[in-house]
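Here the structure comes first, spelled out in structure tokens, and everything after it is commentary.
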Amino acid sequence: MKILVTGGAGFIGSAVARSLIDSGHDVTVVDNFNDYYEVSLKHDRVKEFLNGAKVIEADIRDRDKIGELFEQNRFDVVCNLAAMAGVRYSVEHPDIYVDVNINGLVNILEAMREHGCLRMVSASSSSVYGNSSDSPYKENMVADRPESVYGATKRAGELLLYSYFTLYGIQATSFRFFTVYGPWSRPDMAMLKFAKRISKGETIDVYNNGKLRRDFTYIDDIVSGFVLAVEKPVGYEVVNLGRGEPVELMDYIKKLEENLGLKAKMNLLPMQPGDVYETFADTTKAKELFGYEPTVRVDEGIERFVEWYRYYYS
Ligand SMILES: NC(=O)c1ccc[n+]([C@@H]2O[C@H](COP(=O)([O-])OP(=O)(O)OC[C@H]3O[C@@H](n4cnc5c(N)ncnc54)[C@H](O)[C@@H]3O)[C@@H](O)[C@H]2O)c1
32 MKILVTGGAG
42 FIGSAVARSL
52 IDSGHDVTVV
62 DNFNDYYEVS
72 LKHDRVKEFL
82 NGAKVIEADI
92 RDRDKIGELF
102 EQNRFDVVCN
112 LAAMAGVRYS
122 VEHPDIYVDV
132 NINGLVNILE
142 AMREHGCLRM
152 VSASSSSVYG
162 NSSDSPYKEN
172 MVADRPESVY
182 GATKRAGELL
192 LYSYFTLYGI
202 QATSFRFFTV
212 YGPWSRPDMA
222 MLKFAKRISK
232 GETIDVYNNG
242 KLRRDFTYID
252 DIVSGFVLAV
262 EKPVGYEVVN
272 LGRGEPVELM
282 DYIKKLEENL
292 GLKAKMNLLP
302 MQPGDVYETF
312 ADTTKAKELF
322 GYEPTVRVDE
332 GIERFVEWYR
342 YYYS
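According to the numbering used here, the sequence shown is numbered sequentially starting from 32.
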């Protein structure tokens, strides 16, 4: 198939694009290479993963450029992974999240509508569940109290996808990812941030005194679930993609320390605005719809992450 991957220089987008290229698909990548985090990491992912793909530097909000791209290519599927992705940054900069995650998405959907591209697999987030005490989170739970603007833009994206499905027949699977980690991950996320600071002997900020639980999901598991959905149209569906086994933040810091062979200096802090206490995916729907089966345990995933960290940052 001819596939467009937006955000293809990103952590998840580059890994999804690689997997699609390896399966023989014709892949085009769009990314604006913004400097929300180190741009060199994005360029290095392109070098590492995107051999065989067409890589176009463009902004998904640029109506003319995106229109031109769809005019020149008849895409069968769009994998939409471009977004402003950090929860905490969205507290200070809500407007750019609305602009990219909502207006950018609509821009892509409009180009799809105009050019008859009728399938999208898109990235949503566990943030849409807010601080629901009802865990594990199931897709049929009401998700109308996001704690962050980031979560609100992700929920809005899901609702827009539903409208474009009913009105214009664009099928969409919207995956709610749960804390994705692994090699080539984002430097604003805890694992890479912690690894860098611990390695330099610097103090790490640990929120809510470490009393947070996250359903850490290894990148390869996310990619395998995502790609299964690219191969299988199912109309409109919102689907959790997680490991389904939340880990205490302190346990995960301990595993990171063991693998780095260093002790972390911790600055214990109160809860951050926008943050949630726990994320926990019920993955029954992903299993039933796509045969999704996460395979990488957190201790194994952290080991692989640290191996990459040493190689990349040494
Ligand atoms: N990593 C996680 O734990 C996680 C969890 C839940 C949801 N998600 C979602 O998964 C998707 C991918 O996240 P990621 O962790 O790979 O983040 P990332 O920041 O590494 O990837 C996003 C990519 O999109 C690009 N981008 C941003 N704005 C753009 C624009 N206007 N035009 C074109 N490209 C643009 C960025 O340059 C970046 O390369 C995002 O939608 C994110 O919200 C990620």
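Using N, Cα and C, we set each Cβ at its ideal position, and we do this for glycine too.
For residue i, three-class secondary structure by DSSP
| i | result |
| --- | --- |
| glutamate 170 | coil |
| asparagine 271 | strand |
| valine 307 | coil |
| threonine 314 | coil |
| leucine 293 | coil |
| aspartate 66 | coil |
| isoleucine 91 | coil |
| lysine 263 | coil |
| asparagine 132 | helix |
| methionine 151 | strand |
| asparagine 82 | coil |
| asparagine 298 | strand |
| valine 19 | What the structure shows of the chain is the stretch from 32 to 345, and residue 19 is not part of that stretch, so it cannot be assessed. |
| valine 60 | strand |
| aspartate 126 | helix |
| serine 71 | helix |
| glycine 182 | helix |
| serine 54 | coil |
| tyrosine 283 | helix |
| methionine 143 | helix |
| glutamate 319 | helix |
| glutamate 324 | coil |
| asparagine 138 | helix |
| glycine 98 | helix |
| alanine 113 | coil |
| alanine 40 | coil |
| glycine 188 | helix |
| arginine 76 | helix |
| serine 164 | coil |
Start-to-end residues for the beta strand (DSSP E) that takes in residue i
| i | result |
| --- | --- |
| aspartate 107 | Here aspartate 107 belongs to no beta strand (DSSP E), and DSSP marks it neither H nor E. |
Distance CB(residue i)-CB(residue j) smaller than 8 Å
| i | j | result |
| --- | --- | --- |
| leucine 192 | tyrosine 267 | yes |
| valine 47 | cysteine 110 | yes |
| alanine 348 | phenylalanine 321 | The requested residue 348 is not part of the displayed model; the chain covers only 32 to 345. |
| asparagine 240 | leucine 299 | yes |
| glutamate 88 | asparagine 63 | yes |
| aspartate 219 | proline 325 | no |
| alanine 312 | serine 158 | no |
| leucine 140 | tyrosine 195 | yes |
| asparagine 138 | threonine 184 | no |
| leucine 81 | threonine 59 | no |
| arginine 92 | glycine 135 | yes |
| glycine 213 | phenylalanine 336 | yes |
| serine 230 | leucine 223 | no |
| threonine 234 | alanine 113 | no |
| tyrosine 283 | valine 329 | yes |
| phenylalanine 225 | alanine 295 | yes |
| tyrosine 181 | valine 118 | yes |
| valine 258 | serine 71 | no |
| serine 155 | glutamate 189 | yes |
| valine 122 | methionine 151 | no |
| leucine 280 | leucine 243 | yes |
| valine 10 | glycine 83 | Not covered by the structure: residue 10. The range shown for the chain is 32 to 345. |
| glycine 332 | phenylalanine 247 | yes |
Endpoints, alpha helix (DSSP H) assigned at residue i
| i | result |
| --- | --- |
| glutamate 88 | Not the alpha helix (DSSP H): glutamate 88 falls in the beta strand (DSSP E), residues 85-88. |
| isoleucine 34 | Here isoleucine 34 belongs to no alpha helix (DSSP H); instead the beta strand (DSSP E) covers 33-37. |
| tyrosine 344 | 329-344 |
| serine 121 | 118-123 |
In DSSP terms, what residue i is bridged to
| i | result |
| --- | --- |
| glutamine 202 | Arg150 |
| serine 156 | Phe208 |
| valine 278 | Arg245 |
**OP:** Go through the segment 210-257 residue by residue and report every complete run of the alpha helix (DSSP H) that reaches 4 residues or more, in order.
**Re:** 221-230
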